[in-house]
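Colleague:
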Amino acid sequence: MSRFLLFCAFLGFASSSSIGQEPATKAKAPDAMDKMAAELKPSRILVYKKIADRELQMHVFEPSGFKAGDKRACYVIIHGGGWTGGAPPRMYPFAAHYAKLGMVGISVQYRLHSAKTGVSVFDCVKDARSAVRYIKSHASELGIDPTRIIVSGGSAGGHLAAATALFDKVNEDGDDLSISATPAALVLLFPVIDTSKEGYGQAKIGERWQELSPVHNVRAGLPPTLVFHGTGDTVTPFAGAKAFDEAMLKAGNRCELDVNEGGTHGYLMRDKALYDDTMTKTDVFLKSLGLLK
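Numbering (mature numbering (1 follows the signal peptide of the UniProt record, and there is no 0)), first residue to last: -20 to -1, 1 to 273.
1) On the criterion of 16 or more Cβ atoms from any shown chain inside 10 Å, does residue 277 qualify as buried, or is it exposed?
2) So, using beta-carbon positions, are VAL27 and LEU20 closer together than 8 angstroms?
3) Could you pull the start and end residues of the beta strand (DSSP E) that SER87 belongs to?
4) Roughly how many angstroms separate the alpha carbons of CYS29 and SER110, rounded to a whole number?
5) Within 8 angstroms, do at least three Cβ pairs link the stretch 184 to 204 to the stretch 163 to 175?
6) Tell me which residue opens and which closes the beta strand (DSSP E) that PHE41 is part of.
7) Taking the C-alpha atoms as reference points, what is the distance between PRO22 and TYR72?
8) In this structure, how does DSSP classify ALA231 when only helix, strand and coil are distinguished?
9) If contact is defined by three or more beta carbon pairs under 8 angstroms, each pair taking one atom from either stretch, is the stretch 230 to 247 in contact with the stretch 94 to 101?
10) Can you round the beta-carbon distance between CYS54 and ILE159 to whole angstroms, since I take them to be within the 8 angstroms contact cut?
11) Can the beta-carbon of THR258 be found closer than 8 angstroms to that of GLY210?
12) Give the straight-line distance between the Cα atoms of GLY65 and THR214, rounded to the nearest whole angstrom.
13) Can you list the beta strand (DSSP E) stretches of 3 or more residues lying completely in the stretch 129 to 215, in chain order?
14) Quick one: using the 10 Å Cβ neighbour count with 16 as the cut-off for buried, is ASP107 buried or exposed?
15) Am I right that LEU202 and ASN151 are in contact with their C-beta atoms under 8 angstroms? What's the rounded C-beta distance?
16) Taking buried to mean at least 16 other C-beta atoms within 10 Å of its own C-beta, is ASP14 buried or exposed?
17) By the three-class DSSP mapping on this structure, what secondary structure does ILE19 have?
18) Please confirm whether HIS59 and GLY179 have their CB atoms less than 8 angstroms apart.
19) Does the beta-carbon distance from GLY61 to ALA136 come in below 8 angstroms?
20) State the Cα-Cα distance for the pair PRO69 and PHE46, rounded to the nearest angstrom.
21) Take LEU56 as the anchor and find which of ALA32, ASP50, ARG128 has the nearest alpha-carbon.
22) May I have the straight-line CA-CA distance separating MET38 from ALA142, to the nearest angstrom?
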């Protein structure tokens, strides 16, 4: 069986949702992102967290010439799926892109929200924050500069990326809180940014939704942020992204909102040209911050 067919079979097994694209949909045909991801393989997979009977993994892409003890920038990418589905392979193209440019690229696994297992969206947030802390505390062996970590994500993964900087009070018991989970920069792809009834996620989070709503928790001192969003998004409405951008700027933070006119949810995952454009713009943003040479 070809690598692509095996990969598609894995995607079907991993989730019935659109991984990294839509918060929750039925199974779909492979798109541009799936096809690119099927041709990629991480340098290694390691466990960053053990909780109850679970082991959570990082899929690591190392650049050419990599060695332990390097001080590379790191691009962390988090898949979407409404917090209830998805898997790290969906976002391999993002991690691999930055490995080719000399960074360490990492696609992160997290626990998936489920009423049956008792995993909440708060737990998803805890895992994302634990992942950044793991990278920082193991920076030397990972060959990473802990001051040059970028966290990115699509849809619900974008929410979790934002959570690493925003939700300081949501932490796993046992995490070393002396290690900040805040990265040097955020790149948010059509993110869940407003968890009110006007946005996405209130029903899954429950009455404490506002604690996990990025647009409701903006403050001064947040990392420089680049947001990609389509005006035609009816899953995570564009109005939330616009309000987040405005709130960030008002608080004195650097934020750039890249608007795709008419773009629906996950637009850049389905079209290779739009994906390439997204990566080019992200490269420019990271170069402006000195995070990419």
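Cβ coordinates follow ideal geometry from the N, Cα and C atoms, glycine included.
Modeller: So, to answer that:
1) One cannot answer for residue 277 here, as it falls past the ends of the chain, which runs -20 to 273.
2) no
3) 84 to 88
4) One detail in the question is off: residue 29 reads as Lys in this sequence, not Cys. Whole-angstrom Cα-Cα distance: 7 angstroms.
5) yes
6) 34 to 41
7) 8 angstroms
8) coil
9) no
10) About 15 angstroms separates the two Cβ atoms, so there is no contact after all.
11) no
12) 19 angstroms
13) 165 to 169, 205 to 210
14) buried
15) Incorrect: roughly 18 angstroms between the Cβ atoms, too far for contact.
16) buried
17) Sequence inspection shows Glu at residue 19; the Ile mentioned does not correspond to that position. Correct three-state label for GLU19: coil.
18) no
19) yes
20) 21 angstroms
21) Correcting the residue identity first, residue 56 is Val in this sequence and not Leu. For the residues ALA32, ASP50, ARG128, the minimum Cα distance to VAL56 belongs to ARG128.
22) 18 angstroms
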